[in-house]
Amino acid sequence: MMNTPQQVKNPSSSLKSRFITRFLGALTKINAEDPISSPSPTRIFQRYRRIKVASNKSMAYSVRSRRIWSRAMLSRFRSRRSAFSGRRSSVKTTNCTTINVTINENKTAKGGLDMQTDELRELVPGGEAMDVCNLLDETAHYIKCLTTQVQVMRKIVDFCHLSK
Amino acid sequence: MESNAGATETRSNVTVSDGGEVAAFESLQFTDEIHRLISAPATDNASSFTALLELPATQVVELLHSPESVKLIVASAPNVEDFKGSFHFPSNTGLIKKDARFSVFSGEGNNKNDKSNSPEMTSKNSSANLEKAVKSEPAETASSLPLVSDPTVENRNIKRKDREKKVKGSTKKSKPATNESLEDAEKLPYVHVRARRGQATDSHSLAERARREKINARMKLLQELVPGCNKISGTALVLDEIINHVQSLQRQVEFLSMSLAAVNPRIDFNLDSSFTSESGSTMDGGNFPSLVTPLMWPDVQVNGYRQQFQHQWHFDTLKQPIWGREEVCNNYVTPENSLLSYDSSANSAATLHANQLKMEL
Numbered sequence: 001m002m003n004t005p006q007q008v009k010n011p012s013s014s015l016k017s018r019f020i021t022r023f024l025g026a027l028t029k030i031n032a033e034d035p036i037s038s039p040s041p042t043r044i045f046q047r048y049r050r051i052k053v054a055s056n057k058s059m060a061y062s063v064r065s066r067r068i069w070s071r072a073m074l075s076r077f078r079s080r081r082s083a084f085s086g087r088r089s090s091v092k093t094t095n096c097t098t099i100n101v102t103i104n105e106n107k108t109a110k111g112g113l114d115m116q117t118d119e120l121r122e123l124v125p126g127g128e129a130m131d132v133c134n135l136l137d138e139t140a141h142y143i144k145c146l147t148t149q150v151q152v153m154r155k156i157v158d159f160c161h162l163s164k
Numbered sequence: 001m002e003s004n005a006g007a008t009e010t011r012s013n014v015t016v017s018d019g020g021e022v023a024a025f026e027s028l029q030f031t032d033e034i035h036r037l038i039s040a041p042a043t044d045n046a047s048s049f050t051a052l053l054e055l056p057a058t059q060v061v062e063l064l065h066s067p068e069s070v071k072l073i074v075a076s077a078p079n080v081e082d083f084k085g086s087f088h089f090p091s092n093t094g095l096i097k098k099d100a101r102f103s104v105f106s107g108e109g110n111n112k113n114d115k116s117n118s119p120e121m122t123s124k125n126s127s128a129n130l131e132k133a134v135k136s137e138p139a140e141t142a143s144s145l146p147l148v149s150d151p152t153v154e155n156r157n158i159k160r161k162d163r164e165k166k167v168k169g170s171t172k173k174s175k176p177a178t179n180e181s182l183e184d185a186e187k188l189p190y191v192h193v194r195a196r197r198g199q200a201t202d203s204h205s206l207a208e209r210a211r212r213e214k215i216n217a218r219m220k221l222l223q224e225l226v227p228g229c230n231k232i233s234g235t236a237l238v239l240d241e242i243i244n245h246v247q248s249l250q251r252q253v254e255f256l257s258m259s260l261a262a263v264n265p266r267i268d269f270n271l272d273s274s275f276t277s278e279s280g281s282t283m284d285g286g287n288f289p290s291l292v293t294p295l296m297w298p299d300v301q302v303n304g305y306r307q308q309f310q311h312q313w314h315f316d317t318l319k320q321p322i323w324g325r326e327e328v329c330n331n332y333v334t335p336e337n338s339l340l341s342y343d344s345s346a347n348s349a350a351t352l353h354a355n356q357l358k359m360e361l
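Chains as they are written, first to last, in the UniProt record's numbering: chain A, 1 to 164; chain B, 1 to 361.
Printed below as a string of structure tokens:
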């Protein structure tokens, strides 16, 4: 895992192209399910939530299991889905919190940076169970993927606004 | 043994700059040394070479290949014949370079005793030269192994315990030009960390230092990733900036998904496989610079967004920072706007829009 944060990409199937195909597929599905003509705020809010989940999911699936944060995100989606179907999904969260406590106890030597690292752990999915070294690694990759996500989504939005 | 050690020490200082012919001379000297050392009575003092030689040879390879710890490189006494065989490195310039370095081996010897005295140091010097030869042989065989692939991390984590006489080395990548070379670090499969002058050299603080160096390396990479972080000094502020950046990116995703939800696209996103292959090929190229337009027209659109959203979602606070931070230019050439036809026939509009989306993405 000691690679540079840049992912080695096959030019024909880069992270960006994988994300685009997945996300656009999800968008078509969402558009097909919803009656497009309804402008009510609740409908739009539901669509917003779906699109956000679709976007994060597409990115996580494009990264697959290569990164801790993508694995955590995927397991979060799966547990959420199973929670909807009535099964218990609280096991994962309790495990994470116990690990979090032990890590915090051991990290008193680091001094004043505990607050920032805790904040970072909250932001990066799956960050609770990582040590600082891995956390920084994952943050770098996560930032890169988020930037790609934002870039692609912005282009799609602009395109849609343009075609209106 | 002292004079011998002295001779080896001076020789080691010389060999750094000398050529390959010195190695042949040294190889003969080593065999003589070994015989002398081994014939000396084995004492109970753990610092003696013979006591250290008593480690079985099988452990050597394991010690070499176990990562991330301070290791002893010792060969056992009965394998002197192996040593002789291994010393035929007349053209091994790597051996010459390693001669002048003081190894982990010597450091471990220090740890076993009380703090080392200089006579013990010099005796270890000779043994250090010896085990350099051993080290280089497994290193050459290990070169076929996949080494740790990140040279930057390895170079930063060069662990070496210095004597008091040695010049203090920096822990960064810019090492003193005399002995340390990056290729040495890459050849050896374990981690070296240089202890500065006067610093503790026990394994805990060394491990701590290696960990800190790793973290600092990652912080540097993150600083390059996050715009505007290069000027900031101090880990806490850099981390704050990184946190802000991640938060802003996440909020941008939310904002964009909201606008996607609100925009109600009329085009059909059903794209066949040709799009995916094409997007893969055109994506990573230099297409984007050619499609960049000045940011003039988005300002008009932004006002449109704002009006729409102010009524419904109260996104005032979000809009200013997000649009202010926009770094990616929109990829629409304005003459193309006129090409779009907004007629009622959805099919033609759909195909036209799909083609345009293909181009831009």
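Yeah, the Cβ is synthetic: ideal placement off N, Cα and C, and Gly gets one too.
From the options, residue whose alpha carbon lies closest to that of residue i
i: S70 of chain A; options: A:T117, A:K155, A:L27 and A:Y142; result: A:Y142
i: A217 of chain B; options: A:F23, A:S82, A:C133 and A:T42; result: A:C133
i: V226 of chain B; options: A:G25, A:L136, A:D131 and A:G112; result: A:L136
i: V246 of chain B; options: A:S163, A:K144 and A:R49; result: A:K144
i: M219 of chain B; options: B:L206, B:G234 and B:S205; result: B:G234
i: R66 of chain A; options: A:E138, A:G112 and A:C160; result: A:E138
i: I243 of chain B; options: A:A129, A:H161, A:R47 and A:L113; result: A:L113
i: N56 of chain A; options: A:F77, A:T28 and A:H161; result: A:F77
i: R18 of chain A; options: A:Q46, A:T117 and A:R64; result: A:R64
i: A236 of chain B; options: A:T147, A:S13, A:F159 and A:T117; result: A:T117
i: F23 of chain A; options: A:Q151, A:M130 and A:S85; result: A:Q151
i: L146 of chain A; options: A:C160, A:P39 and A:K52; result: A:K52
Proximity of residue i and residue j at Cβ, strictly below 7 Å
i: V157 of chain A; j: S259 of chain B; result: yes
i: A32 of chain A; j: S58 of chain A; result: no
i: M115 of chain A; j: L256 of chain B; result: no
i: Q223 of chain B; j: V238 of chain B; result: yes
i: A261 of chain B; j: I20 of chain A; result: no
i: L74 of chain A; j: A54 of chain A; result: no
i: L15 of chain A; j: S62 of chain A; result: yes
i: Q149 of chain A; j: V253 of chain B; result: yes
i: residue 371 of chain B; j: C229 of chain B; result: Nothing can be reported for residue 371 of chain B, as the shown portion of chain B is limited to 1 through 361.
i: residue 215 of chain A; j: L206 of chain B; result: In the structure as shown, chain A starts at 1 and stops at 164, and residue 215 of chain A therefore has no counterpart that could be examined.
i: I30 of chain A; j: R50 of chain A; result: yes
Range of the contiguous alpha helix (DSSP H) that encloses residue i
i: C145 of chain A; result: V132 to L162
i: R76 of chain A; result: I68 to F84
i: R64 of chain A; result: That residue, R64 of chain A, is in no alpha helix (DSSP H); it is neither H nor E in DSSP.
i: T201 of chain B; result: First-last for T201 of chain B: undefined, no H or E at that position.
i: K232 of chain B; result: Sequence check: residue 232 of chain B is Ile here, not Lys. Premise fails: I232 of chain B is in no alpha helix (DSSP H) and is neither H nor E.
i: L24 of chain A; result: L15 to E33
i: E119 of chain A; result: D114 to L123
Does the structure place the stretch 122-132 of chain A close enough to the stretch 56-70 of chain A that three or more beta carbon pairs sit under 8 Å? yes
Using a Cβ-Cβ cut-off of less than 7 Å, give me the residues of the stretch 32-60 of chain A that come near chain E, in sequence order. Within the model displayed, chain E is absent; protein chains A and B are what it includes.
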